[in-house]
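Chains S and R, in that order, give the protein sequences. Taken in order, the first sequence gives residues -6 to 121; the numbers are from our numbering. Taken in order, the second sequence gives residues -6 to 121; the numbers are from our numbering. From the three backbone atoms N, C-alpha and C, an ideal C-beta is built for every residue, glycine too. Worksheet for the structure shown next.
2 protein chains.
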Amino acid sequence: MDPMRSTEATADRIPPHPDVAAVPLQAVLEALVDPVRRSIVTQLADATTDIRCGDFDLPVSKSTATHHFRILREAGLIRQHYAGTSRMNTLRRTEFDTAFPGLLTALVDADRTQPTPVSAHQESPTAG
Amino acid sequence: MDPMRSTEATADRIPPHPDVAAVPLQAVLEALVDPVRRSIVTQLADATTDIRCGDFDLPVSKSTATHHFRILREAGLIRQHYAGTSRMNTLRRTEFDTAFPGLLTALVDADRTQPTPVSAHQESPTAG
DNA sequence: GTCGAAGCTTGACGGTCATCGTACTTCCGG
DNA sequence: CCGGAAGTACGATGACCGTCAAGCTTCGAC
């Protein structure tokens, strides 16, 4: 009800974001090995602005998408904040590049060259 | 029995190595997400010469190690050749860097900064 | 030829994770 | 206040993958 709430004042409902420097490399790789999550990251990397959860092009249900966003947030890859009922997502590029130099660039670059096929109901597109 | 067999003539027993350019990014990430396999890669990156399979410092049984070497070979990350009964392993750095620029460097670099804890009988060191 | 060393193959097992549906919460517009 | 929209939380389920032991193959030494 405050007139103060534009885009930044409603952040209470979001669990705390980790310090990227404290995230283990293992967690980062586990986050990025999933094609759906990697698709989220590349869509963010290609965008110039934040993206709503619901505006991503994803082949999974809403609850599964929520799960993926959480993994990415906990891996320090994305930052989330509320705007109304919409959760906005940003890539934490600068911070991440400090902690893992070159990693995100190399991955997004590779994903652009070889777009990862993200089809639903398939956990291991390589083996399948 | 040929006198010709120094180190390169015995390569028959090794399945063919893939063309790195044809390896999907997904396969590369699935290979590198495992801490044991990442440990193999970093040990190779730190070495100046080839390493025998048995000379790696790995917390798993021989059969499991064989499995990991195969995954890495099929992901285009290592090259294997026989020398007697020993299988030698080399990092395919140059080829890999051409196909996935910056990826290997960023990963090895990150792994050096944050050495991955590879303990036996543990598939998900992050969650555990 | 025989033996040991090095490593592969196979089969089985157990844990982890991606997936979903359902129910719940929070916010905005009338 | 009420309804819809946007997401989350919670269980349940099924598949994949890392793990190992046992047995086999290949090579080198003697």
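Contact under 9 angstroms by Cβ, residue i with residue j
i	j	result
L22/R	R31/R	no
H61/R	D27/R	yes
R63/R	R72/R	no
A38/S	G95/R	no
CB contact check: residue i to chain R, cutoff 9 angstroms
i	result
R102/S	One detail in the question is off: residue 102/S reads as Asp in this sequence, not Arg. At least one chain R Cβ lies under 9 angstroms of D102/S.
P52/S	no
F49/S	no
V13/S	no
Unbroken alpha helix (DSSP H) run spanning residue i, endpoints
i	result
Q19/S	L18 to L25
T83/R	Counting along the chain, T83/R falls outside any alpha helix (DSSP H), though it belongs to the beta strand (DSSP E) covering S79 to L84.
I7/R	I7/R -> no alpha helix (DSSP H), and no H or E assigned at all.
Q107/R	Where Q107/R is concerned, there is no enclosing alpha helix (DSSP H), given that its DSSP letter is neither H nor E.
Buried versus exposed call for residue i [16 or more other C-beta atoms within 10 Å across all chains shown]
i	result
H114/R	Because the pLDDT at H114/R is just 44, under 50, the model does not fix this residue reliably, and the value given afterwards should be weighed accordingly. It counts as exposed.
I33/S	buried
A68/R	buried
T149/R	There is simply no residue 149/R to check, as chain R begins at -6 and stops at 121 in what is shown.
A15/S	exposed
D126/R	In this structure chain R extends from -6 to 121, so residue 126/R is not present and cannot be described.
D12/R	exposed
D43/R	buried
P9/S	exposed
Minimum Cβ-Cβ distance from residue i to chain S less than 9 angstroms
i	result
R31/R	yes
Q36/R	no
P28/R	yes
F89/R	no
G69/R	no
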